[in-house]
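Chemist:
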Amino acid sequence: MKVGVLALQGDVEEHEYAFKATAKELGLTIEVVKVKRPEQLSDIKAIVIPDGESTTIGSLANGVKLLDVLRERVIDRLPTLGTCAGAIFMAREVRDSVVGETGQPILGVMDIAVVRNAFGRQRDSFEVDLNVDGFGTLRAVFIRVPAIVKVWGNAKPLAKLRHPRVGEVIVAAQENAMLATAFYPELTTTAMHKYLLKLARGKA
Amino acid sequence: MIRSKGETVKHFKALYRTIEELVSAYRNGDEEKLRDFARQCQVPIELVTLTAKLGRLPVITFAAGGIATPADAALMMWLGADGVFVGSGIFKSQDPRERAEVIVLATAHWDDPEIVVEAQRMVSERNAMMGIDVKSLRLEELLQVRGV
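First to last, the protein sequences are chains A and B.
Residue numbers for the first sequence, in our numbering: 1 to 204.
Residue numbers for the second sequence, in our numbering: 1001 to 1148.
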C-alpha cells in the first residue's frame, strides 16, 4: 500500500518515520511516497500534510499545479492528516494573530476556522498531556502552532485546551476522513498515523 | 538547528565524509572508534552514536554561504542539507524578487532535475551575486579557522 507525505517543505522525514514505525507495529508493508508532483497523488491511499510554513507550502503546491489535484482527492475522502501548518492548509477559514487576513493559497476543504500563531512565538512553546477523543491521552507538543477557533458542519472537535493567552480552544478536529491537529503527533505518538492507515484500509 | 557559513560545499562534503565513517564504525560495532571520535570532539558519546545511527546530524542542518543560484541551492540539498539560507545571494543580485522565488522552487524540488533546470533558466547568470573563489582567500580569511 502506498501512502503519501506532502513533501514540498516542512517536517516530512518525521512523518515518514512515524508512518514506517506505525506500519511495523501493525505488521503492514507500506511505501511512503514523498509527494511533490500532482501525478504522485493518483495511487496513494492516505496523505499527511506536515508542518512547515503554510504560505510556503501553499505557494509551492500552486506552482507545480498540485493544489487543485490534492483538493479534489481530499474532497473525494482520501484519508488526510494535517498537523500544524497542515491544519491551516486544510481549513476553510484562516487568520493570523499578528497580521490578520493572510490571503494565502490553501486547500480550504475542512469546516474549521484557524488562527495562526495563536499561542505566541517560539519561546512560548510548551508540552502537555492531552486527552483526544478516540485516541486516549497523547503527549502533545506546541511550537508556534495555530488554534482551531471554530468548527461547523460535519467537523467535530476531538481535543480542547485551556491556555492563558487564548482561553479554551480546539486543538484537534475531525471531519469524515480528515484529521487536523494544531500540535505534532508525529513527534510523540503513532496513534494518529495508525488511525490513518486503518482508514486507508477501510477498517476504521 | 545548525547552519554552515562560507566555504559551504567544502564543509558539507567534509561533514558527510565524517558521518559516513561514523556510520560504518557503528555498523561494524566499532565502539572504540566512536568513543575516540567523541573524545577528540569533546562531545558526549551518546550524541556521536545517535549521529552514526541516523546517518546525519540529529538537528536540522542548513547550508548557507555563497549560494547565489537555483543550481547552487539544489547542489547543497544533494550534499545533504535540510534546507538553505540565502542572504547576500538574493540581496546582492540584480533580480532579488525573481531569484528568491526560483531558489525556493529549486530547493523544494532539488531531486527533480527538470524543475531545477527550469528554475535556473528563469533567471540570468549575469544577474547573480558574484561569488568569491575559495582558493583566492588567504588562510586567515577562511571561516573554518576563525574562532579556533
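All residues carry an ideal CB built from backbone N, CA and C; glycine is no exception.
Just so we're clear, the structure is a prediction, and the values are computed from it rather than from any experiment.
1. Among E168/A, A87/A, H15/A and Q9/A, which one has its Cα closest to the Cα of T189/A?
2. Which residues in the same chain have their Cβ closer than 6 Å to the Cβ of A159/A, if we skip the five residues on either side of it in sequence?
3. If the criterion is Cβ atoms closer than 8 Å, does the pair L81/A and V128/A meet it?
4. Would you kindly work out how many angstroms separate the C-alpha atoms of G136/A and T181/A, rounded to a whole number?
5. Could you give the residue range of the beta strand (DSSP E) that holds K156/A?
6. Provide the residue(s) that pair with D1082/B in DSSP beta bridges, ordered along the chain.
7. Does the region 1035 to 1046 of chain B come into contact with the region 1096 to 1107 of chain B, if we say contact requires no fewer than three beta-carbon pairs (one atom in each stretch) closer than 8 Å?
8. So E1098/B and M1076/B are supposed to be a Cβ contact under 8 Å. How far apart are they, rounded?
9. Can you find a C-beta in chain A that's less than 8 Å from the C-beta of A1108/B?
10. Once DSSP output is grouped into helix, strand and coil, what is the label at A182/A?
11. When Cβ atoms are compared, which residues of the region 1098 to 1126 of chain B fall closer than 9 Å to chain A?
12. Find the nearest neighbour of P146/A within the set E168/A, T29/A, F119/A and A7/A, judged by alpha-carbon distance.
13. Helix or strand or just coil, what does DSSP make of R1126/B?
14. Counting only Cβ pairs nearer than 9 Å, list the residues of chain B close to K36/A.
15. Within a Cβ cutoff of 6 Å, which residues of the same chain sit near M90/A, ignoring the five residues on either side of it in sequence?
16. Measuring CB atoms only, is the region 2 to 21 of chain A touching the region 49 to 65 of chain A, in the sense that at least three cross pairs come out at less than 8 Å?
17. Taking F142/A as the reference, give the member of R162/A, G153/A and W152/A with the closest Cα.
18. Does the beta carbon of Q9/A sit closer than 8 Å to a beta carbon anywhere in chain B?
19. Taking the alpha-carbon of V1023/B as reference, which of A1119/B, K1053/B and M1001/B has the nearest alpha-carbon?
20. What in chain B is Cβ-close to L78/A, meaning under 8 Å?
21. Sort V151/A, S42/A and A113/A by Cα distance to R73/A and report the nearest one.
22. Grab the span of the beta strand (DSSP E) containing T137/A for me, first residue to last.
23. Going by beta-carbon coordinates alone, are S1093/B and N1127/B separated by less than 8 Å?
24. From this set, N176/A, P50/A and L197/A, which residue's C-alpha is nearest G86/A's C-alpha?
25. Does DSSP put G82/A in a helix, a strand or coil?
26. Please list the partners that L60/A has in chain B, where partner means a Cβ-to-Cβ separation under 9 Å.
27. Any beta carbon from chain B within less than 8 Å of G63/A's own beta carbon?
28. Given I1002/B, which residues of its chain have a CB within under 8 Å of its CB, disregarding the five upstream and five downstream residues?
29. Quick one, which of L78/A, P164/A, V114/A and Q174/A has its alpha-carbon nearest S54/A's?
30. Looking only at its own chain, which residues have a Cβ that is under 6 Å from the Cβ of A46/A, when we skip the five neighbours before and after it?
31. Quick check on I112/A: does DSSP put it in helix, strand or coil?
32. Closest to P157/A by C-alpha separation, out of M178/A, A18/A and V35/A, would be which residue?
Modeler: By the coordinates alone:
1. Indexing the first sequence from 1 puts residue 189/A at position 189. Answer by Cα proximity: H15/A.
2. Locating residue 159/A in the first sequence gives position 159, where the first residue counts as 1. L130, V132, V171 and A172.
3. Counting from one through the first sequence, the residue named residue 81/A turns up at place 81. Counting from one through the first sequence, the residue named residue 128/A turns up at place 128. No, Cβ-Cβ distance for L81/A and V128/A is not below 8 Å.
4. In the first sequence, the residue the question calls residue 136/A occupies position 136. In the first sequence, the residue the question calls residue 181/A occupies position 181. So the two alpha carbons sit approximately 14 Å from each other.
5. Residue mapping note: residue 156/A aligns to position 156 of the first sequence, counting from 1. Where K156/A is concerned, the enclosing beta strand (DSSP E) stretches over K156 to H163.
6. Start at 1 with the first residue of the second sequence, and residue 1082/B comes out as number 82. D1082/B pairs with nothing; no bridge assigned.
7. no
8. For the purposes of this step, residue 1098/B is taken as the residue at position 98 of the second sequence. For the purposes of this step, residue 1076/B is taken as the residue at position 76 of the second sequence. Actually they are not in contact, since the Cβ atoms of E1098/B and M1076/B sit about 20 Å apart, beyond 8 Å.
9. For this step, residue 1108/B is matched to residue 108 along the second sequence. Taking Cβ atoms only, chain A reaches closer than 8 Å to A1108/B, which makes this a yes.
10. Against the first sequence, residue 182/A aligns to sequence position 182. Correct three-state label for A182/A: coil.
11. E1101, V1104, L1105, T1107, A1108, H1109, D1111, D1112 and I1115
12. Against the first sequence, residue 146/A aligns to sequence position 146. Of the listed residues, the one whose Cα sits closest to P146/A is F119/A.
13. Taking the first residue of the second sequence as position 1, residue 1126/B is located at position 126. Residue state, collapsed to three classes: helix.
14. Within the first sequence, residue 36/A is the residue found at index 36, counting from 1. The contacting residues are A1108, H1109, D1111, D1112 and I1115.
15. Locating residue 90/A in the first sequence gives position 90, counting from the first residue. Only G82, L107, V109, M110 and A180 meet the Cβ criterion.
16. Touching, yes.
17. Here residue 142/A refers to the residue found at position 142 of the first sequence. Looking from the CA of F142/A, the closest CA among R162/A, G153/A and W152/A belongs to R162/A.
18. Along the first sequence, read from residue 1 onward, the residue named residue 9/A stands at position 9. Proximity of Q9/A to chain B, defined by a Cβ-Cβ separation below 8 Å, is satisfied.
19. Counted from its first residue, the second sequence places residue 1023/B at position 23. Among A1119/B, K1053/B and M1001/B, the Cα nearest to that of V1023/B is on K1053/B.
20. For this step, residue 78/A is matched to residue 78 along the first sequence. Ordered by position in chain B, no residue passes the 8 Å Cβ test against L78/A, which lies about 22 Å from the chain.
21. As a position in the first sequence, residue 73/A is number 73, starting the count at 1. Measuring from the Cα of R73/A, the nearest candidate turns out to be S42/A.
22. Along the first sequence, one-based indexing puts residue 137/A at 137. That run of the beta strand (DSSP E) goes G136 to F142.
23. For the purposes of this step, residue 1093/B is taken as the residue at position 93 of the second sequence. For the purposes of this step, residue 1127/B is taken as the residue at position 127 of the second sequence. Cβ atoms of S1093/B and N1127/B: closer than 8 Å.
24. Along the first sequence, read from residue 1 onward, the residue named residue 86/A stands at position 86. Ranking N176/A, P50/A and L197/A by Cα distance to G86/A puts P50/A first.
25. As a first step, residue 82/A must be located in the first sequence, where it is residue number 82. Residue state, collapsed to three classes: strand.
26. As a first step, residue 60/A must be located in the first sequence, where it is residue number 60. Simply V1104, L1105, A1108 and H1109.
27. Here the question's residue 63/A lines up with position 63 in the first sequence. By this cut-off, G63/A is an interface position.
28. What you label residue 1002/B is simply residue 2 of the second sequence in a count that begins at 1. So the qualifying residues of the chain are L1057, V1059, I1060, T1061 and F1062.
29. Along the first sequence, one-based indexing puts residue 54/A at 54. Selected option, being the one with the closest Cα: V114/A.
30. Translated into positions along the first sequence, residue 46/A becomes position 46. Around A46/A: V3, P79, L196 and A200.
31. Here residue 112/A corresponds to residue number 112 of the first sequence, with the count starting at 1. In this structure, I112/A counts as strand in the three-state DSSP scheme.
32. Residue mapping note: residue 157/A aligns to position 157 of the first sequence, counting from 1. Measuring from the Cα of P157/A, the nearest candidate turns out to be M178/A.
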